[in-house]
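Enquirer: Got a structure for you, written out below as structure tokens; questions coming shortly.
In this note's numbering, the protein residues as written are 911 to 1211.
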């Protein structure tokens, strides 16, 4: 009769590194977080994004005017002490609308990006881990989806399903999912051949467990970077769809919708009706990209 021995700190049926893998991973994450907190790029991005998140949550409490209230006596009033950013063609305070207008875009864009990341991650895990017929079929579907013009597909879907925040979330998410799946698949292909995956197979763990509990935690960093990059694109996509009339609908003070309503006034010299909303969109995208660049730099380092 043979006797199976185990090393100190291990139990029968587990690999020696299984008990320390989680603590090592958390230690690495802690070190990466410390590096991020010392990064001026990351802190600048967090400051910008944090400001707009604060405006989205508490904007209605701090603005001087109701962003939807019209005032015919203030129509197209230029920036002044009463209206810091001026007033639009209906006499609504532009400053109040810019601050409160962050709410819808910071609801729709992150939700769309999160849903797209989840779908893309699951698809990438399946194609990278199973290979063979599953990989071939799903990869061809992904290639077909990537070959379609995203904007055209989005406009067709929104026209068929109707314009609403929920529809915009799903349209953007399904547009991002194939792109994220390609990134996740490439990471899984390198991870699936490593020893810890082979050890999990020897323990007869299920494929679902290996993908979600073993491989997924080790590929979270590139997924996090991809999420941040896609979030910047989602903000632009939401603003563009709103500008074209297919995204967030009136009477929301959404930035893209406001630019759509007022861009024709710029030629008449009423630049303030558009400029500040455009700056808001640009600053939010810059903040998100700064965070993504900082995370990528820490992971590459």
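We put the CB at the ideal spot given by N, CA and C, even for glycine.
Going along the chain, which unbroken runs of the beta strand (DSSP E) with 3 or more residues stay wholly within the segment 1102–1179?
Expert: You should have found no qualifying run.
Enquirer: Can you confirm whether the segment 1163–1172 touches the segment 1144–1152 when touching is taken to mean that 3 or more C-beta pairs between the two stretches lie within less than 8 angstroms?
Expert: The segment 1144–1152, when compared against the segment 1163–1172, does touch it at the 8 angstroms Cβ threshold.
Enquirer: So who's on the other strand from residue 997, going by DSSP bridges?
Expert: Numbered from 1 along the chain shown, position 87 holds the residue referred to as residue 997. BP columns for residue 997 point to 1003.
Enquirer: Do the segment 1115–1127 and the segment 1032–1047 touch if we need at least three Cβ pairs shorter than 8 angstroms?
Expert: In short, these stretches touch, since the Cβ pair count reaches three.
Enquirer: Please work out which residues of its chain come closer than 8 angstroms, Cβ to Cβ, to residue 1176, disregarding the five sequence neighbours upstream and downstream, and give them in chain order.
Expert: By 1-based counting over the chain shown, the position of residue 1176 is 266. Once the five neighbours on either side are set aside, the close Cβ partners of residue 1176 are 1183, 1184.
Enquirer: Quick check on residue 1181: does DSSP put it in helix, strand or coil?
Expert: Here the question's residue 1181 lines up with position 271 in the chain shown. DSSP places residue 1181 in coil when its eight states are reduced to three.
Enquirer: Between which two residues does the alpha helix (DSSP H) harbouring residue 992 extend?
Expert: Walking along the chain shown from the start, residue 992 turns up at place 82. No alpha helix (DSSP H) contains residue 992, which DSSP labels as neither H nor E.
Enquirer: At what residues does the alpha helix (DSSP H) containing residue 980 begin and finish?
Expert: As a first step, residue 980 must be located in the chain shown, where it is residue number 70. Residue 980 -> no alpha helix (DSSP H), and no H or E assigned at all.
Enquirer: Per DSSP, what kind of secondary structure is residue 928 in: helix, strand or coil?
Expert: Mapped onto the chain shown, residue 928 falls at position 18. Per-residue confidence for residue 928 stands at a pLDDT of 43, beneath the threshold of 50, marking its modelled position as unreliable; no derived number is given.
Enquirer: Cα-Cα, which of 1010, 1101, 1172 is closest to residue 968?
Expert: Taking the chain shown and counting its residues from 1, the one referred to as residue 968 is at position 58. Among 1010, 1101, 1172, the Cα nearest to that of residue 968 belongs to 1010.
Enquirer: For the alpha helix (DSSP H) containing residue 1049, name the first residue and the last one.
Expert: Residue 1049 sits at position 139 when you count from the first residue of the chain shown. Taken as a continuous stretch (DSSP letters only), the alpha helix (DSSP H) holding residue 1049 covers 1042–1057.
Enquirer: Which one of 946, 953, 963 has the shortest CA to CA distance from residue 1191?
Expert: Taking the first residue of the chain shown as 1, we reach residue 1191 at position 281. Considering only alpha carbons, the answer is 963.
Enquirer: Starting from residue 974 and walking both ways along the alpha helix (DSSP H), at which residues does that stretch end?
Expert: Your numbering for residue 974 matches position 64 in the chain shown. Residue 974 -> no alpha helix (DSSP H), and no H or E assigned at all.
Enquirer: Helix, strand or coil: which one does DSSP assign to residue 938?
Expert: Position 28 of the chain shown, counted from the first residue, corresponds to residue 938. Three-state result, residue 938: helix.
Enquirer: For my contact list, residue 1197 and residue 958 are in at a C-beta cut-off of 8 angstroms; report their separation, rounded to the angstrom.
Expert: Indexing the chain shown from 1 puts residue 1197 at position 287. Indexing the chain shown from 1 puts residue 958 at position 48. Confirmed, about 3 angstroms.
Enquirer: Can you name the start and end residues of the alpha helix (DSSP H) that residue 986 belongs to?
Expert: Translated into the one-based positions of the chain shown, residue 986 becomes position 76. Here residue 986 belongs to no alpha helix (DSSP H), and DSSP marks it neither H nor E.
Enquirer: Which of the three DSSP states is assigned to residue 1013 in this structure?
Expert: For the purposes of this step, residue 1013 is identified with residue 103 of the chain shown, where counting begins at 1. Here residue 1013 sits in helix by DSSP.
Enquirer: Does the segment 973–981 touch the segment 992–1006, meaning 3 or more C-beta pairs lie closer than 8 angstroms?
Expert: Because the criterion of three Cβ pairs below 8 angstroms is met, the segment 992–1006 and the segment 973–981 touch.
Enquirer: Assign residue 1203 to one of three DSSP states: helix, strand, or coil.
Expert: Translated into the one-based positions of the chain shown, residue 1203 becomes position 293. The answer is helix: DSSP assigns residue 1203 an H, G or I state.
Enquirer: When DSSP labels each residue in this structure, what does residue 1096 get in the three-state scheme?
Expert: Along the chain shown, one-based indexing puts residue 1096 at 186. Helix at residue 1096.
Enquirer: Quick check: residue 955 and residue 1200, are their CB atoms within less than 7 angstroms of each other?
Expert: Working through the chain shown from its first residue, we reach residue 955 at position 45. Working through the chain shown from its first residue, we reach residue 1200 at position 290. Yes.
Enquirer: Could you check the C-alpha separation between residue 1159 and residue 1073 for me, to the nearest Å?
Expert: Taking the first residue of the chain shown as 1, we reach residue 1159 at position 249. Taking the first residue of the chain shown as 1, we reach residue 1073 at position 163. So the alpha carbons of these two residues sit roughly 8 angstroms apart.
Enquirer: Could you round the C-beta distance between residue 997 and residue 1008 to whole angstroms and report it? I think they count as a contact, below 8 angstroms.
Expert: For the purposes of this step, residue 997 is taken as the residue at position 87 of the chain shown. For the purposes of this step, residue 1008 is taken as the residue at position 98 of the chain shown. Incorrect: roughly 12 angstroms between the Cβ atoms, too far for contact.
Enquirer: Check whether the Cβ atoms of residue 1124 and residue 1108 sit closer than 7 angstroms, and answer yes or no.
Expert: Taking the chain shown and counting its residues from 1, the one referred to as residue 1124 is at position 214. Taking the chain shown and counting its residues from 1, the one referred to as residue 1108 is at position 198. Contact: no.
Enquirer: Assign residue 1072 to one of three DSSP states: helix, strand, or coil.
Expert: Taking the chain shown and counting its residues from 1, one reaches residue 1072 at position 162. Three-state result, residue 1072: coil.
Enquirer: Considering only the alpha carbon of each residue, which of 1186, 1194, 1052, 1035 lies closest to residue 989?
Expert: Mapped onto the chain shown, residue 989 falls at position 79. That would be 1186, whose Cα lies nearest to the Cα of residue 989.
Enquirer: Pick helix, strand or coil for residue 949, following the three-state DSSP scheme.
Expert: The sequence position of residue 949 within the chain shown is 39, counting from 1. In this structure, residue 949 counts as coil in the three-state DSSP scheme.
Enquirer: Looking at C-alpha atoms only, which residue of 951, 1089, 966 is the closest neighbour of residue 1028?
Expert: Mapped onto the chain shown, residue 1028 falls at position 118. Per the Cα distances, 1089.
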